[in-house]
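In the numbering used here, the protein residues as written are 639 to 748.
Ideal Cβ placement from N, Cα and C applies to all residues, glycine included.
Beneath this line is the structure, given in structure tokens, with notes to follow.
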Amino acid sequence: MTSDDQETWSEHAICRTADPDELFADGAAQNQAKALCTGCPVRTECLAHALDHRIEHGVWGGMTERERRALLRRRPMVTSWRRLLETARAEYGRQSTAYQEPSEGFSQTG
């Protein structure tokens, strides 16, 4: 990922105006930082950036450094977290759309 890519997604991050001390907190305060990530439209890109660049500190994409380290240990063969997470998000979107589309001739009666 180039710095241009990071600047593009980070412009849309909910935390862009947050106090950095809140995002690089310890202990229970990390839960508040993670909560900030909950509705963020670029959560996936943020997490992928942290995983691909092995960022060791702070909450990124809703995960603490400890959670990211554990994920990296569980999946050592992943070469691009961005590609993996974007593919998973696209697949989830396709499945969600498929479940929401009513079949032809289906009518709901009261």
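Beta-carbon contacts of Arg713 that lie in its chain and below 7 Å, excluding the five residues immediately before and after: none
Cα-Cα separation between Cys675 and Arg707, rounded to whole angstroms: Note on geometry: alpha-carbon atoms of Cys675 and Arg707 lie some 18 Å from one another.
Opposing strand residues paired with Met701 [DSSP bridges]: Beta-bridge pairing links Met701 to Trp698.
Distance cut-off 7 Å: Ala671 Cβ against heavy atoms of the ligand MG: As far as ligands go, the structure on display features none, and thus does not contain the ligand MG.
Exposure label - Thr702; buried when at least 16 CB within 10 Å: buried
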